[in-house]
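Residue numbers (the working numbering): 3 to 99. We treat Cβ as the ideally placed atom computed from N, Cα and C, and that holds for glycine. Bear in mind that the values here come from a model prediction, so they are computed numbers and not experimental data. The next block holds one structure in the form of structure tokens; read it before the comments.
Given below as structure tokens:
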């Protein structure tokens, strides 16, 4: 199966109100290609893949094709608190597969 499809399928499993990281997704796929995960999500054009729920391993917002303001707004709408472009209580809302 294509890498981008596998990334998208994992991303679909992240529940509302939770986030995961590029690193967690890469590790689940058996790789350390964290940036490749980000690139796969950036190329995604399906609204079924909630790529706004993926942040870096420190909980900071990065790389969203529709812009970080939109990513922040989508996460806040799902109950995720953001302060200074970082997820508040990151470890508590981090979803691991």
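For chain D, find out if any of its Cβ atoms is closer than 8 angstroms to the Cβ of residue 91; answer yes or no. The structure shown contains no chain D; it is built from a single protein chain.
Use the C-beta contact count for residue 67: other C-beta atoms within 10 angstroms, 16 or more gives buried, fewer gives exposed. Label assigned to residue 67: exposed.
Selected residue, minimal CA-CA separation from residue 87, among 52, 41, 4 and 77: Ranked by Cα distance from residue 87, the options 52, 41, 4 and 77 are led by 77.
Within 10 angstroms of its Cβ, does residue 94 collect 16 or more other Cβ (buried), or is it exposed? Residue 94 counts as exposed, since fewer than 16 other C-beta atoms from the protein chains shown sit within 10 angstroms of its C-beta.
Beta-carbon gap between residue 56 and residue 24 smaller than 8 angstroms: Going by beta carbons, residue 56 and residue 24 fall inside the 8 angstroms limit.
For residue 92 and residue 44, the rounded distance between their alpha carbons: Roughly 22 angstroms between the two C-alpha positions.
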